[in-house]
Amino acid sequence: MKEFKSLKESLEAARYILPESLYRELVEAIEKEEGLGEEEKISVVKETIRTYLRSLAQPGEAVGTVAAQSIGEPGTQMTLRTFHYAGIMEFDVTLGLPRLIEIVDAKQTPSQPLMYIYLKDEYAKDLEKAKEAARKIEYTTLEKIIDNIEWDLGDRVVAIVINAEYMEDKGVTVEMVLEALSKSKLGNVIEDGVREVSEQGVKKIIVYFEISSKQLPDDELFNSNAYHRILEKLKNTYIKGIKGIRKVTVRREESEESYEYMLIVEGSNLREVLMLPEVDHRRSITNDIQEIAQVLGIEAARTAIIEEIKRVLEDSGLDVDIRHLMLIADLMTWPGYVRQIGRLGVVGEKPSPLARAAFEVTVKQLYEAAVWGEEEEFAGVTENIIAGLPPRVGTGSVLLRIGASRK
């Protein structure tokens, strides 16, 4: 590399070579570092330029193949580390190879949907307010607050035994329960049908509820199947919360300077959660990439793909250049929607019949290509290798020919 006589000369060279954002970052770092002499600063600039130039892909490089190899090879190591992560933060979390497959297959819903909800400052610093927000979000049904439902065959009146501790933990009041039961259309709470009792020091509330004849006709009074059906409906009676949010845990996150409380959520409903006044919508996110695309748009989905793959690799102790992940994310999202890398997505939409046939269902792909009269352009790597032609990568990407002149 050229030797620079002054810091100014080296920075001028850097400005010409480096991207603008990287150049600005370099200048700011040098200005902040007061302990370096001019020669040392010149060395920093030279090393930055050298590292940047080394990181550039060569013209004609088969970047897709390199990206696939760079992610696929560590994937073989992830298999051994997949089964040691159950129970993190009181949830079953899908990590390792299964999660990587979910991402690149663009599953409509992840096997373990999770949300990471950050709160606004007035809630993030107060544990009780954070718990209050958690109670507001969690989807709560009657089943989560009861001990049991007592019901005699042949009787329309059931006794719903509610545990007061469960009710307090979920932030539910008796009035909320009565309102939910009245909206259920299963029947009505009988007059003066609410009693408070204490069993072994545990406070319980018994609600006497009469099932309507529409839900339980006279000819089904002794039908056990009808009883089980109505019991399930009673247990699933909605009281409060956001649909799709099964469980919420408050977690304290600490940094060197401060701390905050945030929510780890099992289940996902990004649209509804972001509308809550307690939630910091700038940082809250879900691991459901399809939902991100629907709510926040395709660019947000692209970023989510990169971050999710990066997290999976880091959790397995693997380090992959982020540019490979960016290329995969670009390929999955450039049509404007999230598509899988497979025969129903990226590979299946290739214009080359031979490239499609090389992946899966070979005979079907060749048959359909013949029926529709498709032509092979031999533009990609796979089809050229099949035909024994030099792929248009590296030196093969140059089509210029120079003939030796003859005298």
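Under UniProt numbering, the first residue of the sequence shown carries the number 1, and numbering increases by one thereafter. Quick reminder that beta carbons are idealized off the backbone N, C-alpha and C, glycines included.
- Less than 7 angstroms separates the beta-carbon of E102 from that of P110.
- If you draw a straight line from the Cα of P390 to the Cα of L354, it comes to about 15 angstroms.
- Residue ranges of uninterrupted alpha helix (DSSP H) with 4 or more members, entirely inside the segment 246 to 289 and ordered along the chain, are 270 to 274.
- Annotated as distal: G187 and F222, with beta-carbon spacing of 7 angstroms or more.
- DSSP, reduced to helix, strand and coil, places R156 outside both helices and strands of the structure shown, so it counts as coil.
- The alpha-carbon of I289 is positioned some 46 angstroms away from that of L7.
- Burial state of N236 is exposed, judged by a 10 Å Cβ sphere holding fewer than 16 other Cβ atoms.
- Excluding its 5 nearest sequence neighbours in each direction, K204 has C-beta neighbours in its own chain below 8 angstroms: D147, V161, I162, N163, A164, E196, V197, S198, listed in chain order.
- Taking every protein chain shown into account, the CB of M332 has 16 or more other CB atoms within 10 angstroms, so this residue is buried.
- Distance from the CA atom of A67 to the CA atom of V320, rounded to whole angstroms, is 9 angstroms.
- For the set L26, E38, K32, the Cα lying nearest the Cα of Y52 is the one of L26.
- One Cα belongs to T173, the other to V265, and the distance between them is close to 23 angstroms.
- Within the same chain, no Cβ atom closer than 6 angstroms to the Cβ of E368 is found once the five residues on either side in sequence are excluded.
- When DSSP reads this structure, W151 sits in a beta bridge with V158.
- Taking a cut-off of 8 angstroms for Cβ pairs, the segment 290 to 297 and the segment 259 to 277 touch, as three or more such pairs fall below it.
- Leaving aside the five residues that flank M176 on each side, the residues in its chain whose CB is nearer than 7 angstroms to its CB run, in chain order, I239, K240.
- No Cβ-Cβ contact shorter than 7 angstroms links S397 with G380.
- Taking A329 as reference, the option from V295, G345, D315 with the minimal CA-CA separation is G345.
- With a threshold of 16 other beta carbon atoms within 10 Å, R401 falls short and is exposed.
- Membership of F359 in the alpha helix (DSSP H) is indicated by the continuous run 353 to 359.
- Remark: C-beta atoms of G336 and G60 do not approach each other more closely than 7 angstroms.
- At least 7 angstroms separates the beta-carbon of L119 from that of E232.
- In this structure, the CA atom of E31 is about 17 angstroms from the CA atom of E20.
- Cβ-Cβ separation between S316 and G96: approximately 6 angstroms, consistent with a contact (criterion under 8 angstroms).
- Residues R156, A226, I230 of the same chain have their beta carbon placed closer than 7 angstroms to that of L216, with the five preceding and five following residues left out of the count.
- In terms of CA proximity to I42, E3 leads the group A301, E3, R24.
- If you draw a 10 Å sphere on the C-beta of I117, you find 16 or more other C-beta atoms in it, and that means buried.
- Comparing C-alpha distances from I49 to each of V338, R15, E168 shows the shortest one belongs to R15.
- Residue range 121 to 124 is occupied by the alpha helix (DSSP H) that includes D121.
- The C-alpha of A357 lies about 35 angstroms from the C-alpha of L296.
- A buried status is given to I306, since no fewer than 16 other beta-carbon atoms sit within 10 Å of its beta-carbon.
- Between F359 and V371, the C-beta gap is not smaller than 7 angstroms, which leaves the two residues out of contact.
- With fewer than 16 other Cβ atoms from the protein chains shown falling within 10 Å of its own Cβ, Q108 counts as exposed.
- Secondary structure of I145 (DSSP, three-state): coil.
- In this model, V45 and S10 are separated by some 7 angstroms (Cα to Cα).
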